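Protein chains in written order, with my numbering: chain A, 70 to 410; chain B, 70 to 410. Ideal placement from N, C-alpha and C gives every residue a C-beta, glycine not left out. Nothing here was measured: the structure is a model prediction, and the numbers come from that model. Take a look at the structure set out below.
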DNA sequence: TTGTATGCGTTATCAA
DNA sequence: TTGATAACGCATACAA
């Protein structure tokens with residue numbers, strides 16, 4: 070009767086000697102069916118090894134039970150922490166989370182989003198390669214619940230959750246100046262990445278406001294935000310003439326900072342005595358570094374959690390209004406900028 | 070006519086003035102429809118913003134286009150690298166990848182697997198909390214394509230892809246002995262984790278084979294495989310009387326090694342001069358540490374890729390036979406065990 | 001409290 | 001080359 074097919078409600082109904090509707094009720098409104106028949110149905114289910122077909126459920130019910138996050142860079146633990154926050158919120162709402170990774174490639178991102186649309190996910194959380202890409206507008210117009218994570222989008226076509234990156238850059242450099250540094254390196258790139266642009270901007274702003282000479286804030290551009298680029302920046306730093314060489318560095322993210330630290334220690338530079346270092350994100354590996362890294366902390370899991378809540382609100386609340394949530398970054402001072410007295 | 074509904078094939082057909090079957094053909098067998106009508110249909114699709122409903126497709130076609138990976142510990146980059154390998158294989162096969170994280174909790178793992186079954190994923194890749202759990206057998210009996218990743222399962226009820234952890238432990242300790250160490254610490258736990266148990270076992274085996282006194286191989290158990298536990302082990306190590314204190318340590322994974330390194334450097338211990346360190350996994354952060362870590366390399370992405378290929382074979386090839394793939398680990402020597410001459 | 005009937009959006013078979 | 005139609009497995013409105 071089953072011929073190796075996976076059993077359906079119909080089979081369960083037959084086995085339990087009830088109608089198909091009753092089986093459905095056992096799953097979706099158990100309170101409406103008598104204890105006796107419910108038990109019979111449940112036994113039939115487990116005997117047959119019945120597993121509800123989610124596609125059919127979704128097709129009929131018109132609503133899926135999954136959220137999706139398209140992350141920007143799977144090699145950066147920061148995004149996994151954000152994903153973890155989303156996952157927790159999804160778990161609370163009894164939803165599954167689909168995690169995709171664009172690896173900073175717009176084409177891959179588009180493929181993922183297209184698939185997610187086909188899956189009719191309840192909502193899409195995304196850290197886009199390019200937040201101003203027009204197809205995001207189209208998504209929003211289509212009515213697909215969507216939240217931009219770790220970026221703000223011009224206009225108010227959708228919700229977004231981010232950290233004030235300009236402020237983050239400011240507090241990082243302010244901290245270094247407070248520690249007595251008067252020549253500071255700013256490391257990061259490419260500036261096409263919004264997060265980078267704003268963090269550097271914050272650094273320059275505060276430097277100017279404090280009345281320090283522009284030439285003493287040395288910008289070392291990088292090609293991306295990786296440990297390898299951090300090492301490379303360290304080499305360039307070491308190559309500067311001693312009188313111009315900064316005594317402290319602000320890196321646009323922790324991976325760069327880790328690379329800088331590694332290169333420095335390998336070259337016999339003492340951190341923080343010869344070179345103080347501030348990173349950004351405060352990933353777990355920052356605190357775990359040989360010289361624990363001072364970093365600008367983003368509430369990574371909170372970011373994800375808040376984004377998930379916004380997308381769920383958009384998906385379920387008819388009175389939903391788009392919001393731009395901005396979290397305040399926080400400096401976590403550790404050994405890499407400590408002043409020895 | 071649409072009233073805010075998302076458009077279906079029916080709507081596209083109406084807009085293009087063709088039948089519903091023709092629209093389906095445009096999507097699935099474009100070669101069978103004339104260029105003229107195909108173009109008309111395609112225009113109608115983009116004008117309406119039609120997106121195929123994957124649930125309906127799957128319900129009808131009976132086959133999903135997704136793979137799933139249930140990872141053991143999202144805080145360990147190792148598993149993300151494995152996932153990346155799976156993702157690449159999935160991309161090649163034009164499949165999506167569903168990533169779940171059990172966080173080492175059996176209950177959470179069960180919830181995930183249950184959901185994946187409901188989704189009728191094509192195959193499940195899993196690094197299980199307990200590879201001997203009976204419900205895995207049940208999955209296999211049910212005929213759900215499944216591959217165990219980073220573990221081997223007794224019997225041959227399913228495929229598995231792993232690294233020879235015993236051998237890994239052997240080459241790690243052998244390397245330390247070759248470097249001249251005669252008192253070595255072995256750090257890791259809990260032994261309920263198979264990977265840990267076997268790595269430690271390999272360490273003990275080679276130690277005995279080399280004819281070294283058992284007492285000179287000091288076991289420092291940990292509660293889990295985290296950076297924090299690595300630090301804690303470092304403190305215990307430092308607390309040993311100098312004459313008994315090991316001059317080298319083999320850690321059951323890189324997170325422990327990173328923690329040990331951090332604690333050591335913070336306490337003024339020179340690595341490798343006072344203490345040599347070998348980790349396991351060779352995650353990217355091992356090479357990026359202040360003192361680059363020697364580590365037993367697992368082919369992380371290859372592991373994932375191979376697992377994905379096996380599960381796809383099981384899903385599509387009627388002559389599939391279960392295999393236990395075992396990769397050979399490889400020692401990557403770096404500064405943390407270098408001998409100064 | 002339970003049963004019956006209908007349709008969700010798609011693919012595939014068959015006829016035209 | 002195109003059109004009509006029958007499933008796929010489930011949820012739900014309504015009847016009993």
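Interface partners of residue i on chain B, CB under 7 Å
{"i": "residue 330(A)", "result": "359"}
{"i": "residue 124(A)", "result": "124, 127, 128, 189"}
{"i": "residue 143(A)", "result": "149, 153"}
{"i": "residue 184(A)", "result": "165"}
{"i": "residue 211(A)", "result": "118"}
Assigned exposure category for residue i - 16 Cβ within 10 Å defines buried
{"i": "residue 279(A)", "result": "exposed"}
{"i": "residue 322(A)", "result": "buried"}
{"i": "residue 178(A)", "result": "buried"}
{"i": "residue 135(B)", "result": "buried"}
{"i": "residue 152(B)", "result": "buried"}
{"i": "residue 129(A)", "result": "exposed"}
{"i": "residue 196(A)", "result": "buried"}
{"i": "residue 282(B)", "result": "exposed"}
{"i": "residue 201(B)", "result": "exposed"}
{"i": "residue 123(B)", "result": "buried"}
{"i": "residue 91(A)", "result": "buried"}
{"i": "residue 277(A)", "result": "exposed"}
{"i": "residue 74(A)", "result": "exposed"}
{"i": "residue 97(A)", "result": "exposed"}
{"i": "residue 292(A)", "result": "exposed"}
{"i": "residue 386(A)", "result": "exposed"}
{"i": "residue 408(B)", "result": "exposed"}
CB contact check: residue i to chain B, cutoff 9 Å
{"i": "residue 128(A)", "result": "yes"}
{"i": "residue 165(A)", "result": "yes"}
{"i": "residue 78(A)", "result": "no"}
{"i": "residue 168(A)", "result": "yes"}
{"i": "residue 366(A)", "result": "no"}
{"i": "residue 387(A)", "result": "no"}
{"i": "residue 247(A)", "result": "no"}
{"i": "residue 337(A)", "result": "no"}
{"i": "residue 75(A)", "result": "yes"}
{"i": "residue 214(A)", "result": "no"}
{"i": "residue 404(A)", "result": "yes"}
Within-9 Å CB hit, residue i to chain A
{"i": "residue 121(B)", "result": "yes"}
{"i": "residue 152(B)", "result": "yes"}
{"i": "residue 100(B)", "result": "no"}
{"i": "residue 344(B)", "result": "no"}
{"i": "residue 84(B)", "result": "no"}
{"i": "residue 158(B)", "result": "no"}
{"i": "residue 133(B)", "result": "yes"}
{"i": "residue 407(B)", "result": "no"}
Contacts around residue i, its chain only, beta-carbon distance under 8 Å, and the 5 residues preceding and following it disregarded
{"i": "residue 111(B)", "result": "95"}
{"i": "residue 182(A)", "result": "139, 193, 195, 204, 208"}
{"i": "residue 147(A)", "result": "322, 323, 350, 352, 367, 369"}
Within chain B, partners of residue i - CB distance below 9 Å
{"i": "residue 296(A)", "result": "353, 354, 356, 357"}
{"i": "residue 327(A)", "result": "354, 357, 358, 359"}
CA nearest to the CA of residue i, picked from the options
{"i": "residue 256(B)", "options": "275(B), 153(B), 289(B), 266(B)", "result": "289(B)"}
{"i": "residue 374(B)", "options": "316(B), 218(B), 314(B), 212(B)", "result": "218(B)"}
{"i": "residue 285(B)", "options": "406(B), 294(B), 272(B)", "result": "272(B)"}
{"i": "residue 345(A)", "options": "250(A), 227(A), 396(A), 142(A)", "result": "250(A)"}
{"i": "residue 381(A)", "options": "145(A), 191(A), 221(A)", "result": "191(A)"}
{"i": "residue 215(B)", "options": "404(B), 399(B), 392(B)", "result": "392(B)"}
{"i": "residue 114(A)", "options": "125(A), 107(A), 81(A), 340(A)", "result": "81(A)"}
{"i": "residue 170(B)", "options": "171(A), 159(A), 89(A)", "result": "159(A)"}
{"i": "residue 253(B)", "options": "331(B), 260(B), 287(B)", "result": "287(B)"}
{"i": "residue 352(A)", "options": "327(A), 161(A), 394(A)", "result": "327(A)"}
Cβ-based neighbour list, residue i, same chain, cut-off 7 Å, excluding 5 preceding and 5 following
{"i": "residue 275(A)", "result": "239, 242, 243"}
{"i": "residue 268(A)", "result": "234, 237, 238, 257, 321, 349"}
{"i": "residue 361(B)", "result": "403, 404, 405"}
Chain-ordered chain A contacts of residue i [CB-CB under 8 Å]
{"i": "residue 334(B)", "result": "359, 360"}
{"i": "residue 146(B)", "result": "146"}
Where residue i meets chain A, residues with beta-carbon distance less than 9 Å
{"i": "residue 205(B)", "result": "None at all; the shortest Cβ gap to chain A is about 14 Å."}
{"i": "residue 383(B)", "result": "Ordered by position in chain A, no residue passes the 9 Å Cβ test against residue 383(B), which lies about 16 Å from the chain."}
Near the ligand MG: residue i beta-carbon under 8 Å from a heavy atom
{"i": "residue 284(A)", "result": "Absence of the ligand MG from the depicted structure is noted, as is the absence of any ligand whatsoever, leaving it without description."}
Cβ-based neighbour list, residue i, same chain, cut-off 6 Å, excluding 5 preceding and 5 following
{"i": "residue 363(A)", "result": "347, 402, 403, 405, 406"}
Closer than 8 Å at the beta carbon, the chain B residues around residue i
{"i": "residue 304(A)", "result": "Correct list: empty, because the minimum Cβ distance to chain B is about 15 Å."}
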